[in-house]
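Protein chains in written order, with our numbering: chain A, 1 to 168; chain B, 1001 to 1678. One structure is given here, and the rest of the page talks about it.
Next comes the structure, spelled out in C-alpha cells:
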C-alpha cells in the first residue's frame, strides 16, 4: 500500500516534471537563438584608439597588411574580450600595460601629454590677442609712408596696368 | 651611362655655383654682362640635370641592375611605365626629380624675366642657385642615384656586381594616382622657392612695394594648386589602394604636405591686403619664408627618418643637412627682415576692425594656427621622446579633435570674410548681407535637428556649409543682376562675363565653393559604417541598404603578380544593382608583398567600398570587409571645383599681356643697347 502510494506520488511528480520539461523544450525551440552581442561600434572604437605594433605606426583600424603579425592578434583579442563583456576602456588599458603609451593613437590627458592637447588652443588664444592688438594699433596709428619705390618698369606701362585694374 | 649621369650632375653643380657667385658679383659690380652669364649658367645647369635625368630613365628602362637605384626599385617583369615611374620610387631617384624640378623652375624664372626686374634678378638668381646647389650637393655626394652595386670578394677586394633581377617597385606605388602624385606634390613643394627668391631679392634691393608680390602671384597660385592636387591625389590613392576605407590618416608625411599648403593659403589671402591697401608687408615676407621652409621641412621629415611613417625614406642620412639649411635660411631671412623693417611699414592704417582687412587677419591667424596644430602633432612624438624618453603616437584622434574646431572656424570665415567691405563695414550693411545666409543656415540646422541629428560637429558643419554656400550664391547673384541691368545680357552670359571680367574675385569664390563641398564630404565621415564577414560563394552579408552575395572566388597569375579575386553581387531593395570584384595581389618581385584592390561603387550620396581583406586561417573562407562611406564623392568633386576655380583666377588678361608685351619690347631694346632700365 505504502509502496503503491509512493509510486503514485512519484509518478505524478515525474509526469508533472515531464510536462514542464516538454513546455521548456517548446519554449526553447520557439524562442529565437540568442544572437551574439553587436560589438561593431565598440570594436571600431577600440581599433581606432590603438596603434598596430608592426612598425607601420597606423591605427589598428587602418593597418591593412594581410595577416599582420601585430594587428591580426590584437584585433582578435579585442573582438573576443568585447564578446565576453569587457569594456573598451578596460581593453585599451590592458594593452597600455602590455606595450606602454606608444600603443595609444593619441596622447593621454595627463602630465606632459596634456600639453599636446592644450598648446594649439593656447596658440590660438595668443594669436587672437596679438591680432586684436595689431588691429587696434594699426587702426590708431597714422599712415606712415615710406620712400616711394623706384618703378621697376616703364611708368607708362605701370600706369596702363593700374588703369586696367581699376576698370576690372 | 651611370658615370655620364654623375658627370652631368657635377657639371650642373659647377654651373649653379657659378650662377650663384656670378650673379652676386654682377650685382655688386653693376656689370650686366656678368649677371647675364650667371643667368645663362642657370639655364645650362637645368640642361645638365635634364641629361642626368634622361640617363637614369634609360638605365631604368633597360633594367641595368648594376645601378643600386635600378636594382632596388625595379624588376625585369615590371611594365615599362612603372619602370620609368620608379625614378621617384626610391630616395636617390626622387632627389634627382626634386633637383630637376628645382632647376626647371629656376630656368623658367630666368627666361621669363630676362628683360624685367633687372635690379632684382641677380639676387633672385642667386637665391635660386643657392637652393639648387644645396640639393645638387646632397644628390651627388650623399644620395647619388647613379651609385653602382659592389660586392666584396673573399680576398677583401671589391668588384662591380649586377644581380639577375631587381627587388621591384613597391607594390603600393603601382597605381596611377601614386605615379603622378609625387611629381605633382614636388611641383607644389618646390614652387614656393620662386616667391621666396623674389621676396629675398626685394628685401636686399629694398624694393618692398607690391612688385615682388604681383610678379610671383601666378607662381604662388600655380604652386598652391599643384600642392593641393598632390594632396588630393595622395588621398585618392590611400582610399583606393590601402583598403582601410579612409583617405586621410594624418600620417607625418601627409601632414608635411598639408602644412605648406595651409601657409601658402594664408599667403595667398594676405597678399591681397598688401596689393589693395599696402598693409601687412612684414607679415607677407614672413609668410613666404615660412611657406618655403615648410616645403623643405616636408622633405626633411620624409628623408630624415626622424618620424615613423609608411611614406618616409627611412634609411636616409640627409636629415642633419636639411636642418642646417633650414636654420641658415631662417636666420638669414629674419636678419634681412629685421634690417629692412623701416621699408616694410604699412602705407595705410586700418580704418575699422569691422573690415575686409580684419577678416583677412583672422583668416591668416586661423590658417597658421591650423598649420601649427599639424606641426605640433607631427613633432610631438619627438618632443615627448626628448622630455619623457617615450616616443608616443599622435594619430587621427588628436588631429580630428584639435583640427575640427579650427576647421569649422575657418569655414565660418570663408563665408563671413567676403561680406565685409574694404576699409569699413556699417552694421546696417552687415545686417543686410547676413540676413539670407543666416536664415538658410538656421533652416538647415532646424531641419537636421528635427530629423534626429544630435552630433554637434555635424550640425555645425552642415549649418556653416549652407551659410557659406548662400553667401557665395548671393555674391554671384548680386553681380549678375547688376550686369543684366547694365548690359541686357541673359543670365547665363551675364554670369560667365561677370566671372571673366573679374577672374580673381569670382575665381576665388569658386574656390570657396569647393571648400564648402569638401567640408560636406569630410562631414560624411561621421556616418561611416563598416562590417566584416568570412564568406564562401553563396554567402550573403548585409550593410546599410545593401545585400552583398558572394558568387565566385578566382585566383590568377600575371608576370608581375598573382591575385585572388572575389565576385560579389550587390542588391538593394531586392534588385541587383552592381557586381563588384575586390582583389588581393601578391607581387612576385617584392617577396610576395600584397596590395588591396578595392571595389568601389561611388555615388554622391554614399560609397559602397568592398575589400577582400584576406583568407581565413584554414584557407577555406574569404574575409570580406564592406564600408558604406557617405558623401565621400563630394571630396573629389570639391577638389575638381577647386582646380576649376584656381584656373579661372589664372586665366590671362588680354590687356595685361599686351602691356607686358610693350614692356618687354621697350626694355629689351634698352638692354640690348646696354642701357640700364629702371
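In this text, a Cβ means the ideal position worked out from N, Cα and C, and glycines have one as well.
Exposed or buried, which one is residue i when buried takes at least 16 other CB atoms within 10 Å?
i, result
"residue 1426 (chain B)", "exposed"
"residue 1283 (chain B)", "buried"
"residue 1207 (chain B)", "buried"
"residue 1334 (chain B)", "exposed"
"residue 1144 (chain B)", "buried"
"residue 1749 (chain B)", "Given that chain B is displayed from residue 1001 to residue 1678, the structure contains no residue 1749 (chain B) and the question cannot be resolved."
"residue 1663 (chain B)", "Residue placement at residue 1663 (chain B) cannot be trusted, given a pLDDT of 43 that sits under 50; what the coordinates show is reported in the next sentence. It is buried - the Cβ of residue 1663 (chain B) has at least 16 other Cβ atoms within 10 Å."
"residue 1552 (chain B)", "exposed"
"residue 1385 (chain B)", "exposed"
"residue 1554 (chain B)", "exposed"
"residue 1577 (chain B)", "exposed"
"residue 1530 (chain B)", "buried"
"residue 1147 (chain B)", "exposed"
"residue 1193 (chain B)", "buried"
Could you compute how far the alpha carbon of residue i sits from the alpha carbon of residue j?
i, j, result
"residue 1624 (chain B)", "residue 1610 (chain B)", "7 Å"
"residue 959 (chain B)", "residue 1080 (chain B)", "Limits of chain B in this structure are 1001 at one end and 1678 at the other, which puts residue 959 (chain B) out of reach."
"residue 1448 (chain B)", "residue 1454 (chain B)", "8 Å"
"residue 1301 (chain B)", "residue 53 (chain A)", "21 Å"
"residue 1501 (chain B)", "residue 1060 (chain B)", "49 Å"
"residue 1407 (chain B)", "residue 1024 (chain B)", "44 Å"
"residue 1566 (chain B)", "residue 1510 (chain B)", "42 Å"
"residue 1460 (chain B)", "residue 1471 (chain B)", "16 Å"
"residue 1317 (chain B)", "residue 1045 (chain B)", "25 Å"
"residue 1163 (chain B)", "residue 1069 (chain B)", "12 Å"
"residue 1617 (chain B)", "residue 1557 (chain B)", "22 Å"
"residue 1262 (chain B)", "residue 1211 (chain B)", "24 Å"
"residue 43 (chain A)", "residue 1468 (chain B)", "37 Å"
"residue 1004 (chain B)", "residue 1091 (chain B)", "20 Å"
"residue 1014 (chain B)", "residue 1199 (chain B)", "25 Å"
"residue 1125 (chain B)", "residue 1043 (chain B)", "11 Å"
"residue 1236 (chain B)", "residue 1632 (chain B)", "10 Å"
"residue 1436 (chain B)", "residue 1462 (chain B)", "16 Å"
"residue 1001 (chain B)", "residue 1093 (chain B)", "15 Å"
"residue 1214 (chain B)", "residue 1350 (chain B)", "22 Å"
"residue 1010 (chain B)", "residue 1142 (chain B)", "13 Å"
Quick check on residue i - is its C-beta less than 9 Å from some C-beta in chain A?
i, result
"residue 1392 (chain B)", "yes"
"residue 1372 (chain B)", "yes"
"residue 1346 (chain B)", "yes"
"residue 1013 (chain B)", "no"
"residue 1263 (chain B)", "no"
"residue 1376 (chain B)", "yes"
"residue 1297 (chain B)", "no"
"residue 1534 (chain B)", "no"
"residue 1649 (chain B)", "no"
"residue 1611 (chain B)", "yes"
Kindly indicate if chain B contains any beta-carbon less than 9 Å away from that of residue i.
i, result
"residue 77 (chain A)", "no"
"residue 73 (chain A)", "no"
"residue 66 (chain A)", "yes"
"residue 83 (chain A)", "no"
"residue 69 (chain A)", "no"
"residue 58 (chain A)", "yes"
Applying a beta-carbon distance threshold of less than 8 Å, which residues of chain D neighbour residue i?
i, result
"residue 113 (chain A)", "The chain inventory of the structure shown lacks chain D, comprising the protein chains A and B."
Does the beta carbon of residue i fall short of 8 Å from some heavy atom of the ligand PLP?
i, result
"residue 67 (chain A)", "The ligand PLP is not part of the structure shown, which contains no ligands of any sort."
When you check each C-beta in the segment 87 to 110 of chain A against every C-beta of chain B, which residues fall closer than 7 Å?
-> Cβ contacts with chain B come from 100, 101, 102, 104, 105, 106 and 107.
Mind checking the segment 41 to 52 of chain A against chain B and listing, in chain order, the residues whose C-beta falls within less than 8 Å of any C-beta there?
-> 44, 48, 49 and 51
Which runs of the alpha helix (DSSP H) fall wholly inside the segment 1213 to 1279 of chain B and span at least 4 residues, in chain order?
-> Runs found: 1252 to 1277.
Secondary structure, alpha helix (DSSP H): runs of 4+ residues fully inside the segment 1501 to 1579 of chain B = Fully enclosed alpha helix (DSSP H) runs of 4 or longer: 1503 to 1523.
Residues of the segment 1326 to 1353 of chain B with Cβ closer than 9 Å to any Cβ of chain A, in chain order | Answer set for the segment 1326 to 1353 of chain B: 1342, 1343, 1344, 1345, 1346, 1347, 1348, 1349, 1350, 1351, 1352 and 1353.
Contact set between the segment 1570 to 1599 of chain B and chain A, restricted to residues whose Cβ is under 8 Å from the partner | 1584, 1594 and 1596
Members of the segment 121 to 134 of chain A that neighbour chain B once the beta carbon cut-off is set at 9 Å | 121, 123, 124, 127, 128, 130, 131, 132 and 134
Mind listing, in chain order, the continuous alpha helix (DSSP H) runs of no fewer than 4 residues lying wholly within the segment 1311 to 1398 of chain B?
-> 1319 to 1339 and 1356 to 1388
Identify each residue in the segment 1242 to 1263 of chain B for which the Cβ-Cβ distance to at least one residue of chain A is less than 9 Å, and report them in chain order.
-> 1242, 1243, 1244, 1245, 1246, 1249, 1251 and 1252
Runs of alpha helix (DSSP H) wholly within the segment 1005 to 1069 of chain B (minimum 4 residues, chain order) = 1032 to 1061
Within 9 Å of chain A by C-beta, residues of the segment 1160 to 1190 of chain B in sequence order | none
Contact set between the segment 1395 to 1427 of chain B and chain A, restricted to residues whose Cβ is under 8 Å from the partner | 1395, 1396, 1397, 1398, 1401, 1402 and 1406
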